Amino acid sequence: MANILTFDTRMEAIAEKVKHGERLTIEDGLFLYETNDLLSVATLANEVNTRKNGDHVYFIENLYINPTNVCEATCSFCGFKRKPGEDGAYTMNNEQLLDYVQKRWNDNIREFHIVGGHNHEVPFDYYLDTIRTLKQHYPQVTVKAYTGAEIEFFSRIAGLSMKEVLEELIKAGLDTMPGGGAEILTERYRLKMSPDKASTDQWLEAHEIAHGLGLKTHATMLYGSIESKEERLIHMDRLRQLQDVTNGFMVFIPLAMQPRTQSMGLMRRTSAFDDMRTIAISRLMLDNFDHIKAYWINIGVQLTQMALTFGSSDIHGTLIEERISHAVGALTSSGITRKELVHLIKTANKVPVERDTFYNIIQKY
Numbered sequence: 001m002a003n004i005l006t007f008d009t010r011m012e013a014i015a016e017k018v019k020h021g022e023r024l025t026i027e028d029g030l031f032l033y034e035t036n037d038l039l040s041v042a043t044l045a046n047e048v049n050t051r052k053n054g055d056h057v058y059f060i061e062n063l064y065i066n067p068t069n070v071c072e073a074t075c076s077f078c079g080f081k082r083k084p085g086e087d088g089a090y091t092m093n094n095e096q097l098l099d100y101v102q103k104r105w106n107d108n109i110r111e112f113h114i115v116g117g118h119n120h121e122v123p124f125d126y127y128l129d130t131i132r133t134l135k136q137h138y139p140q141v142t143v144k145a146y147t148g149a150e151i152e153f154f155s156r157i158a159g160l161s162m163k164e165v166l167e168e169l170i171k172a173g174l175d176t177m178p179g180g181g182a183e184i185l186t187e188r189y190r191l192k193m194s195p196d197k198a199s200t201d202q203w204l205e206a207h208e209i210a211h212g213l214g215l216k217t218h219a220t221m222l223y224g225s226i227e228s229k230e231e232r233l234i235h236m237d238r239l240r241q242l243q244d245v246t247n248g249f250m251v252f253i254p255l256a257m258q259p260r261t262q263s264m265g266l267m268r269r270t271s272a273f274d275d276m277r278t279i280a281i282s283r284l285m286l287d288n289f290d291h292i293k294a295y296w297i298n299i300g301v302q303l304t305q306m307a308l309t310f311g312s313s314d315i316h317g318t319l320i321e322e323r324i325s326h327a328v329g330a331l332t333s334s335g336i337t338r339k340e341l342v343h344l345i346k347t348a349n350k351v352p353v354e355r356d357t358f359y360n361i362i363q364k365y
């Protein structure tokens with residue numbers, strides 16, 4: 001009985017902090033991960049989200065482009081990468097890039113989301129040319145390209161500082177950076193799971209430099225493998241510390257780890273409870289972020305709909321074709337229609353809002 005009272009008292013203390021806009025500690029976050037009272041966690045997260053965003057839920061019409069899948073890194077969670085010359089390896093030239101876009105184009109697309117392998121077989125100019133080519137042919141579309149880990153990789157292959165790399169990319173037409181490459185921002189995790197990629201400090205530095213150059217960027221967390229709950233919270237804390245300094249992040253996107261193949265089954269996937277709890281805790285911990293995104297590609301459309309009462313204000317976009325999560329066994333479709341997204345939001349009693357990359361409202365439904 002005493003234990004129940006202690007838990008109730010702790011939840012009440014956290015609720016008071018949330019009510020008064022006080023920052024939660026990592027210890028508070030650990031309690032929220034441990035409590036069986038998931039609905040109270042959801043209620044608090046929903047309260048914070050409603051305070052920030054009312055009943056608006058945002059989405060965008062976007063096209064994913066993966067110009068190359070050749071990669072020098074050996075991340076243990078990736079099914080997308082190929083070694084040079086390996087069966088299935090590809091690197092698009094400008095003609096192939098434009099052909100890829102043209103076949104999937106519609107006039108509502110507002111964002112190109114570009115992520116690829118760390119391909120050391122091509123020079124830095126290749127990555128600049130990708131942006132230049134897209135901007136030349138689709139000047140009205142926002143280019144969201146290259147993760148913090150890719151920025152660090154480019155600095156190595158080009159012999160430039162990360163600031164110089166970003167300045168060149170901005171000159172070529174870069175508008176914003178995606179949030180990938182963060183995985184879990186602790187060195188214990190990175191040494192085991194992505195030893196060849198940017199360190200915690202390098203990933204954060206890439207985004208800090210980008211913010212200083214005027215770019216608004218995104219942040220992700222890849223959860224559901226070897227990380228502890230405390231490491232997830234350390235990850236969130238490091239992001240909010242940087243956000244305190246720069247205010248350059250627009251949204252946080254928790255990404256559920258996908259197993260390497262669909263046949264690995266449900267036992268190897270994150271649970272619905274973990275997905276909903278992580279979204280809610282993200283909303284509560286990241287008090288200086290405007291938006292928490294529920295990524296339907298990873299958790300499915302029905303859990304995404306549930307996430308709208310667990311603190312999420314964004315459900316990503318139409319994603320004409322997504323490859324990276326699907327290369328490691330995502331069970332969802334690779335795209336969804338605007339009509340389906342609007343229906344998903346409306347039947348959760350929320351207001352669907354089509355946005356641009358920077359959360360400017362295009363249309364309410």
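By full-length UniProt numbering, the letter at position 331 of the sequence shown is numbered 331, and the numbering carries on one by one without gaps. Where a beta carbon is used, it is the ideal one built from N, C-alpha and C, also for glycine. For clarity, every value in this text was computed on a predicted model and none was experimentally measured.
Since residue i and residue j should fall inside the 8 Å C-beta cutoff, what is the C-beta to C-beta distance between them, to a whole number of angstroms?
| i | j | result |
| --- | --- | --- |
| Asn181 | Gly148 | Contrary to the premise, residue 181 reads as Gly rather than Asn in this sequence. Gly181 to Gly148, Cβ: 5 Å. Contact. |
| Leu185 | Arg238 | 5 Å |
| Ala256 | Thr270 | 4 Å |
| Gly311 | Ser282 | 7 Å |
| Glu183 | Met193 | 6 Å |
| Met276 | Ala42 | 7 Å |
| His118 | Phe77 | About 15 Å; that fails the 8 Å criterion. |
| Leu233 | Gly29 | 4 Å |
| Val70 | Glu111 | That belief does not hold up - the Cβ atoms of Val70 and Glu111 are roughly 24 Å apart, past 8 Å. |
Please identify the residue among the options whose C-alpha is closest to the C-alpha of residue i.
| i | options | result |
| --- | --- | --- |
| His137 | Ala145, Ala158 and Asn94 | Asn94 |
| His316 | Phe252, Arg283, Glu150 and Lys83 | Phe252 |
| Leu308 | Arg82, Thr133, Thr50 and Lys171 | Thr50 |
| Pro84 | Glu121, Ala172, Gln96 and Phe59 | Glu121 |
| Leu98 | Ile131, Phe124, Ala73 and Ile14 | Ile131 |
| Met174 | Phe31, Trp203 and Leu134 | Looking at the sequence shown, residue 174 is not Met but Leu. Among Phe31, Trp203 and Leu134, the Cα nearest to that of Leu174 is on Leu134. |
| Cys75 | His20, Leu191 and Asn288 | Leu191 |
| Thr127 | Lys52, Lys346, Leu213 and Met92 | The sequence as given places Tyr at residue 127; Thr does not occur at that position. If we check each option's Cα against that of Tyr127, Met92 comes out closest. |
| Met221 | Tyr189, Asp196, Ala210 and Asp244 | Tyr189 |
| Tyr100 | Glu167, Asp55 and Pro67 | Pro67 |
| Leu242 | Pro254, Glu205 and His291 | Glu205 |
| Phe273 | Gly54, Lys364 and Asp37 | Asp37 |
| Val245 | Glu167, Lys229 and Gly212 | Gly212 |
| Phe124 | Glu12, Asn69 and Arg156 | Arg156 |
| Val115 | Lys81, His56 and Asp201 | Lys81 |
| Ala73 | Val353, Asp196, Asn298 and Trp203 | Asp196 |
By the DSSP assignment, the alpha helix (DSSP H) with residue i in it spans what residues?
| i | result |
| --- | --- |
| His120 | Taken as a continuous stretch (DSSP letters only), His120 belongs to no alpha helix (DSSP H), as it is neither H nor E. |
| Gly212 | Thr200 to Gly212 |
| Ile234 | Lys229 to Thr246 |
| Asp314 | Careful: Asp314 lies outside any alpha helix (DSSP H), inside the beta strand (DSSP E) at Asp314 to Gly317. |
| Ile170 | Met162 to Ala172 |
| Glu95 | Asn94 to Arg104 |
| Glu111 | First-last for Glu111: Glu111 to Ile114, but that is the beta strand (DSSP E), not the alpha helix (DSSP H). |
| Tyr189 | Glu187 to Met193 |
| Asn49 | Leu38 to Asn53 |
| Leu303 | Trp296 to Ala307 |
| Ile345 | Arg338 to Lys346 |
Determine the burial state of residue i: buried for a count of at least 16 other Cβ atoms within 10 Å of its Cβ, exposed for fewer.
| i | result |
| --- | --- |
| Thr357 | buried |
| Thr278 | buried |
| Glu34 | exposed |
| Gly265 | Below a pLDDT of 50, predicted positions are generally treated as unreliable, and Gly265, at 48, falls in that range; no measurement from the model is reported. |
| Ile362 | exposed |
| Ser161 | exposed |
| Thr304 | buried |
| Asn106 | exposed |
| Glu16 | exposed |
| Ala45 | buried |
| Ala198 | buried |
| Ala2 | Model confidence at Ala2 stands at a pLDDT of 42, short of 50, so the residue's coordinates are unreliable and nothing is read from them. |
| Gln258 | buried |
| Asp201 | exposed |
| Leu39 | exposed |
| His113 | buried |
| Glu227 | buried |
| Asn298 | buried |
Which two residues bound the contiguous beta strand (DSSP E) that contains residue i?
| i | result |
| --- | --- |
| Arg277 | Arg277 -> not in any beta strand (DSSP E); alpha helix (DSSP H) instead, spanning Ala272 to Met285. |
| Met221 | Thr217 to Tyr223 |
| Tyr58 | His56 to Ile60 |
| Gln363 | Ile361 to Lys364 |
| Arg355 | Val351 to Arg355 |
| Thr142 | Thr142 to Ala145 |
| Met250 | Phe249 to Ala256 |
| Phe124 | Counting along the chain, Phe124 falls outside any beta strand (DSSP E), though it belongs to the alpha helix (DSSP H) covering Phe124 to His137. |
| Glu22 | From DSSP, Glu22 is part of no beta strand (DSSP E); its letter is neither H nor E. |
| Ile151 | Premise fails: Ile151 lies in the alpha helix (DSSP H), Gly148 to Ala158, not in any beta strand (DSSP E). |
Do residue j and residue i have their beta-carbon atoms positioned less than 8 Å apart in this structure?
| i | j | result |
| --- | --- | --- |
| Ile109 | Leu63 | yes |
| His218 | Pro178 | yes |
| Asp287 | Arg23 | yes |
| Met250 | Tyr365 | no |
| Asp55 | Val301 | no |
| Glu230 | Ile26 | yes |
| Arg338 | Ile60 | no |
| Lys293 | Asp314 | yes |
Using a C-beta cutoff of 8 Å, does residue i count as contacting chain C?
| i | result |
| --- | --- |
| Gln305 | Protein chain content of the structure displayed is limited to a single chain, and chain C is not contained in it. |
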